[in-house]
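Going down the list, the sequences are from chains G and A.
Those letters in the first sequence? Residues 11 to 631, by our numbering.
Those letters in the second sequence? Residues 682 to 1061, by our numbering.
Idealized CB from N, CA, C, for every residue including glycine.
Quantities reported herein were computed from a predicted structural model and do not represent experimental measurements.
Reviewing the structure listed below.
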Amino acid sequence: MEELDGEPTVTLIPGVNSKKKQMCFDWGPGEMLVCETSFNKKEKSETVPGCPFIYIIRKDIDVYSQILRKLFNESHGIFVGLQRIEEELTGKSRKAQLVRVSKNYRSVIRACMEEMHQAAIAAKDPASGRQFSSQVSILSAMELIWNLCEILFIEVAPAGPLLLHLLDWVRLHVCEVDSLLADVLGSENPSKHESFWNLVTILVLQGRLDEARQMLSKEADVSPTSAGMCRILGDLMRTMPVLSPGNTQTLTELELKWQHWHEECERHLQDGTFASSPHLESLCKIMLGDEAALLEQKELLNNWYHFLVTRLLYSHPTVKPIDLHFYAQSSLDLFLGGESSPEPLDNILMAAFEFDIHQVIKECSIALSNWWFVAHLTDLLDHCKLLQSHNLYFGSNMREFLLLEYASGLFAHHSLWQLGVDYFDYCPELGRVSLELHIERIPLSTEQKALKVLRICEQRQMTEQVRSICKILAMKAVRNNRLGSALSWSIRAKDAAFATLVSDRFLRDYCERGCFSDLDLIDNLGPAMMLSDRLTFLGKYREFHRFYGEKRFFDAASLLLSLMTSQIAPRCFWVTLLTDALPLLEQKQEDIENTKLEMLRLALARNLARAIIKEGSLEGS
Amino acid sequence: MEEIYAKFVSQKISKTRWRPVPPGSLQTAETFATGSWDNEENYVSLWSIGDLGNVDSDGGFEGEHQLLCDIKHHGDVMDLQFFDQERIVAASSTGCVTVFLHHPNNQTLSVSQQWPTAHYHTGPGSPSRSSAPCTGVVCDNPEIVTVGEDGRINLFRADHKEAVRTIDNADSSTLHAVTFLRTPEILTVNSIGQLKIWDFRKQGNEPSQILSLTGDRVPLHCVDRHPNQQHVVATGGQDGMLSIWDVRQGTMPVSLLKAHEAEMWEVHFHPSNPDHLFTCSEDGSLWHWDASTDVPEKSSLFNQGGRSSTFLSHSISNQANVHQSLISSWLSTDPAKDRIEITSLLPSRTLSVNSLDVLGPCLVCGTDAEAIYVTRQLFS
């Protein structure tokens, strides 16, 4: 057993005085039941009334969030789609398709984030507003991690494009730039705006050099003294060699050009071209990748990974994926500067830069309260064939473990259990068994819900579960006097024993009341009659009554005879059958003479047999 | 291909219904109601579909539907029907039938009337009652007919506190759905595969007619009557089979069409183009059955818009011929003549599609994946 990664949190149960009384608990699939006992810790048990409630404790409250439900439903669709196209994923298009799936997941996260953000703004009380806001930051962190994993593990960007992807990644997550840009541009005198230089700096930090150049030209228009410098800096910005997506130049060519450009920038700095403008000079230093200059902009950079990407952009644009973690570690150290320690998010990102997928997943599992993120990400990475089948303690691999945990959590929810079914389907080792256990425990309040559960079981050939569910429903129906429903359930489960039970009920009702109830059912049994002998008897007996009512005495008589000779009549009904035979004996039609004779013989023989038995078993009479 | 908009709404949708447009008006459908199920708190909600060509204030897509108002509903919403422009009748899994009233001026819903014990079970010999789900409701102003798992049929009138007529033990199995044939006659389907016609003018608790399939007693889940031919009825069964019946003739269906792979939950004839039929199923698909004959003039009848006067008169003169083919298209016993074109309307397979409704060129459906799909271009 591994050691604990952190201190467990303490949850206080309201109303229970844990100092005085002991509590008892029991585990459920995703929840815990807790209540107070009458055992006292120190003294003997008192009969002081304590807390009368039973509490349900659940760790995962996300499942009950209205907005996150959309995340669960939409991602379920993406998950199932991914499993289904697995067979078709071959060759070159495989990577592109997997990247598309990853982008789909991310867009679902973003949509959720957006809605949560709107809810936070519209929140009526500050507490729920705060809760929504914290959810937004959790979702944002999830998307950040997923995006990085997509770049490093799924897209597997090589040196060159790697930096472009990382730049996009950073730009996506620092969104204030666009609003600031709009703000400044919209103002009367952009270059006199108080945030003008901040804006230009952040544009440079993000590698958005075209826009930075535009800003500089506005400054040049307004202030002729710095016009010359702005133009030179603008030229440097324009001529920075960048790998563009359609470009055919090789990495070496790019490096050479970049080196050349870097030297030119260096020359300008040495010559003091920008000496008279501290803003422009610091911009030049940034473009040279000067660490000190970059660190001065800590506030604008906001986090170490932004610092990392900017640093790479301006000092090692052709960085190779395997070298990333060196720069990442040093960037983290430099940025934090020993003042603060890394947070969980930082550790996760660092593990990603180190290409340690297992560490990423492990840290995410600990940091997040819900299995959604790790389950889906791991499944996607598994499709990329990146996870070794690394057996855990109980035999299933990591992907399956996480999916099982997530699906079990869904089953604990009153409504999302339907999603869980599909997740179990795609867990080859323990999925079916888990589904069998969970599906029987879903409360069935209406027939329609029961039909859905039955359909799920039948599609997976879970005959045991079908029978047990149908039996429960049939029993309920019998208790409610819905014999037709009971019969219909036993037909569905092909449960002959229950069909017999239902038929016995009908026959008993007939004996008590002298007539049949629910004729619409018995008259129209159809081939279902064959399900059980008793049912067949019931159907045929009713038919006998119909024949008699229609005065088709020959048919009635032969049917009665066959009922008596076949072995399907229940013993208790024999007297009734014989009694029914009596009026037929009175009939004076020719064609039933033979039948009458047969019946008499049979009746006498049986009666004789019974008489003998009775005689023989009478005690001392 | 029709454009279909999906929206995830954080509740499993059991029923969707268009609000009827006032008769004689040229409006298209704008508002629909939904009911949810399997939640700790279920809701009956009213939605409006966006204006064509406009982007609404949130910058949402022009086609996306917005929630107008909702109200809590006790129990699952088993069935939903618009009683008139403002009132909606909801059938609950607790056996209660509720009439909700919509107040358009402040966009709220309120309970206007309720029959809390419309459906209940009585055990053998025990006087106590336990609730039974009410499974189907159908309205024909001012009457409301409900059926339930207790095999009971109730006839209510709006604003009458008690049921006007109750047929106890009308069926020994569960009644799944009900529809009006001619006004005093209703038709019910049950879980042993029978259709029963009841005439409220008659006294007594016996149906006036029983129809059923021979062979396996497959439960029937939904029923709909042809809008013009009152003797033509379509039913959907547990095995996904679509059956068309002519209730005047015989006790067996006229045609049986193998449709879905799982329970068919709803079947609807299009109210103004009855050559078109729509079905939705537990297998996650929604099908559009097009039995219109492939005559060029005929297809132009279903194109949107009347562009010129010549087109209009053309269609009127064709009325008689069209009417002929309408009568025979569903009752034709030879589907192999390839006259029925079937299209699946949802972009990808999803969890069960529980409900659908069509009005004019608009279709709405709701799924167990907690999504509502709307299209406004059914026939383009």
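| Asked | Found |
| --- | --- |
| Where does the unbroken alpha helix (DSSP H) through Leu2 (chain G) begin, and where does it stop? | A question about residue 2 (chain G) goes unanswered here, because the residues of chain G that appear run from 11 up to 631. |
| Per DSSP, what kind of secondary structure is Ser981 (chain A) in: helix, strand or coil? | In this predicted model, Ser981 (chain A) has a pLDDT of only 31, less than 50, meaning its place in the structure is not dependable enough to derive any value. |
| Measuring CA to CA, which of G:Gly139, G:Ile367, G:Leu610 and G:Leu81 is closest to Leu149 (chain G)? | G:Leu81 |
| What would DSSP say about Gly986 (chain A), mapped onto helix, strand or coil? | Note that Gly986 (chain A) has pLDDT 39, beneath the 50 cutoff, so the model's placement of it is unreliable and no number is given. |
| Can you find the residues in the same chain that come closer than 6 Å, C-beta to C-beta, to Ser500 (chain G), ignoring five residues on each side of it along the sequence? | Ala484, Phe508 and Ala509 |
| Mind listing the chain A neighbours of Gly559 (chain G)? Cutoff is C-beta to C-beta under 9 Å, in chain order. | Near Gly559 (chain G) there are no residues of chain A at all, since even the closest Cβ is about 16 Å away, more than 9 Å. |
| Might you give, ordered along the chain, the residues of its own chain that have their beta carbon closer than 6 Å to the beta carbon of Tyr324 (chain G), omitting 5 neighbours on each side? | Met297 and Gly299 |
| Where does Asn491 (chain G) land, buried or exposed, given buried means 16+ other C-beta within 10 angstroms? | buried |
| By the criterion of Cβ-Cβ separation under 9 Å, what are the contact partners of His326 (chain G) in chain A? | Result: empty, since nearest Cβ-Cβ is about 40 Å, beyond 9 Å. |
| Taking a Cβ distance cut-off of 8 Å, strictly less, list which residues of the stretch 73-94 of chain G are near chain A, in chain order. | Gln76, Ile77, Arg79, Lys80, Asn83, Glu84, His86, Gly87 and Gly91 |
| Using a C-beta cutoff of 8 Å, does Ser853 (chain A) count as contacting chain D? | Here the protein chains are G and A, and chain D is not one of them. |
| Do Thr847 (chain A) and Arg833 (chain A) have their C-beta atoms within less than 8 Å of each other? | yes |
| Taking CB distances under 8 Å as the criterion, tell me whether Pro453 (chain G) reaches chain A. | no |
| Taking Cβ positions, are Ser85 (chain G) and Asp719 (chain A) nearer each other than 8 Å? | no |
| What residue from G:Tyr315, G:Lys202 and G:Asp519 has the CA that sits closest to Phe583 (chain G)'s CA? | G:Asp519 |
| Less than 6 Å between C-beta atoms, sequence neighbours within five positions excluded: which residues of the same chain meet that for Leu594 (chain G)? | Ala567 |
| Could you tell me if Gly282 (chain G) is buried or exposed, where buried requires 16 or more neighbouring beta carbons within 10 angstroms of its beta carbon? | exposed |
| Less than 7 Å between C-beta atoms, sequence neighbours within five positions excluded: which residues of the same chain meet that for Ile143 (chain G)? | A quick correction: the sequence has Ser, not Ile, at residue 143 (chain G). Hits under 7 Å: Ala130. |
| Hey, Gly244 (chain G) and Leu215 (chain G): beta-carbon distance below 8 Å or not? | no |
| On the DSSP letters alone, give me the boundaries of the alpha helix (DSSP H) that Leu594 (chain G) sits inside. | Trp584 to Glu596 |
| Would you mind reading off the limits of the alpha helix (DSSP H) that contains Asp432 (chain G)? | Trp427 to Asp435 |
| With a threshold of 7 Å on Cβ separation, who are the neighbours of Ile878 (chain A) within its own chain once the five nearest residues in sequence on each side are excluded? | Leu862, Glu866, Leu868, Pro888, Ser889, Gln890 and Val928 |
| DSSP on Val948 (chain A), reduced to helix/strand/coil? | strand |
| By Cβ distance, which residues of its chain are closer than 6 Å to Ile825 (chain A), with the 5 residues on each side in sequence left out? | Val770 and Phe837 |
| Are the stretch 146-162 of chain G and the stretch 101-117 of chain G in contact at 8 Å, needing three or more beta carbon pairs? | yes |
| Helix, strand or coil, according to DSSP, for Asn114 (chain G) in the structure here? | helix |
| Quick one: what does DSSP say Phe63 (chain G) is sitting in, helix, strand or coil? | coil |
| Tell me the DSSP bridge mates of Ile449 (chain G)? | Paired residues: none, contrary to the question. |
| Gln141 (chain G) lies in the alpha helix (DSSP H); which residues open and close that run? | Pro136 to Cys159 |
| Would you list, in chain order, the members of the stretch 483-507 of chain G that have their beta-carbon closer than 8 Å to a beta-carbon of chain A? | Arg489, Asn490, Asn491, Arg492, Leu493, Gly494, Ser495, Leu497, Ser498 and Ile501 |
| Trp9 (chain G) by DSSP, collapsed to three states: which one? | The question about residue 9 (chain G) has no answer here: the residues shown for chain G are numbered 11 through 631. |
| Would you mind reading off the limits of the alpha helix (DSSP H) that contains Asp1049 (chain A)? | From DSSP, Asp1049 (chain A) is part of no alpha helix (DSSP H); its letter is neither H nor E. |
| Where does Gln307 (chain G) fall in DSSP's three states? | coil |
| Taking C-alpha atoms, which residue in G:Ala121, G:Arg442 and G:Ile449 lies nearest to Val476 (chain G)? | G:Ile449 |
| Considering Glu824 (chain A), what are the terminal residues of the beta strand (DSSP E) in which it resides? | Glu824 to Gly829 |
| With the cut-off set at 8 Å, would you say Val384 (chain G) and Ile367 (chain G) are in Cβ contact? | no |
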